[in-house]
Structure formats: C-alpha cells, structure tokens
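Below you'll find the structure, written out as structure tokens, and then a few comments.
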Amino acid sequence: MGSKFTFTCPNCSFSLGVWDEGGMAYIKDPKGKKHPIIHPGEMETIEFCARQYPEAAGMNQTELLAFAEKHIVIRLQGMCLDCAKLFTGEEGPTPKKCRSCKSPNTIWLSHIGGKRCPKCKQGHFPEEGRFSAIS
Ligand SMILES: [Zn+2]
Ligand SMILES: [Zn+2]
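Each residue of the sequence shown is one higher than the one before, counting from 892 in the working numbering.
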C-alpha cells in the first residue's frame, strides 16, 4: 500500500514518479539470496526465509518475526542529479559516485523535492509532489 507522487520540472517537464514509502523490502535467506516481500503473502515469505536459518529452530512466531527483521533490507530508488541516471541501492547513505558519470550528487528519490532538475539543469522540482496514484 502506498501513494505515488509525481515531481515535474517546471522548466522542461521532465517528471518522476515517487512512491511515498520509497522502496522495496527484501528478506535475505541464509545463502544471501534476496526474496521480495510482496503483499499479499508477505508473512509467508518472511517466515519461509527466517525458518531456513539454523538459529530460528524452535522459535515461536513472535520470536521468529523479531529475528527476521534483522535480515530485511530495503532497496530504494535513487537518481544522479547530474546525468539523471536512476539506480537502486540499500537503505542508508546514497552511493558516493554515480556509476554513469561519477558525480557525487546522488540522492534517493524520496528527497527529490526542491532539487535541481538533472535534465535541463535549470528548473527545480517542486518541494511537494503532485499526488497521482494509490496502490
Ligand atoms: Zn528540467
Ligand atoms: Zn551521473
């Protein structure tokens, strides 16, 4: 569940859709494989992965969910403010360099409000996006 906001550059009309929760959640199994946590069925995915850890043996459901949280990673979508290259990465600091142009001006899309447009490099995105959809 989430809302989508569209940020449009007033100068060149380049627009970006940003989900307010900002990212996709995954749970890692003991082999390091990431399983997307998708609604419906998210509890099954979480339990299925958490149960594969030897430490989880004998845990009740509450303990298992607390344990599973440590293995959940959030992948966010980000963008380079110099070349508009989109990327995804794990929650935390944005990548130090854009993989395309090596610029250090990378941000998560959840912080795009008020930033300079990477396409025309003149307009600035509005502080608030325009509400466009509910999933
Ligand atoms: Zn622009
Ligand atoms: Zn770049």
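Idealized CB from N, CA, C, for every residue including glycine.
Q. Does the stretch 945-956 come close enough to the stretch 968-980 to have 3 or more Cβ pairs within less than 8 angstroms?
A. As far as the Cβ criterion goes, the stretch 945-956 does not touch the stretch 968-980, which means the pair count is below three.
Q.
In the DSSP output, which residue or residues are listed as bridge partners for residue 927?
A. Within the DSSP secondary-structure output, residue 927 pairs in a beta bridge with 917.
(Q) When you measure from the CB of residue 924 to every non-hydrogen atom of ligand 2, does any distance come out below 7 angstroms? (A) No - ligand 2 has no heavy atom lying nearer than 7 angstroms to the Cβ of residue 924.
Q | From 1013, 1012, 1008, 1025, residue whose alpha carbon lies closest to that of residue 907 | A | In terms of CA proximity to residue 907, 1008 leads the group 1013, 1012, 1008, 1025.
**Q.** Coil, strand or helix - residue 905 by DSSP
**A.** Residue state, collapsed to three classes: coil.
Q | Closest by C-alpha distance to residue 988, when choosing among 966, 964, 973, 896 | A | Cα-wise, what sits closest to residue 988 is 973.
Q: Taking 8 angstroms as the threshold, find out whether the stretch 918-925 comes into contact with the stretch 936-947 through three or more Cβ pairs.
A: Touching, yes, given that three or more Cβ pairs across the two stretches are closer than 8 angstroms.
Q. Cβ-heavy atom distance between residue 920 and ligand 2 below 7 angstroms?
A. No, the beta carbon of residue 920 sits no closer than 7 angstroms to any heavy atom of ligand 2.
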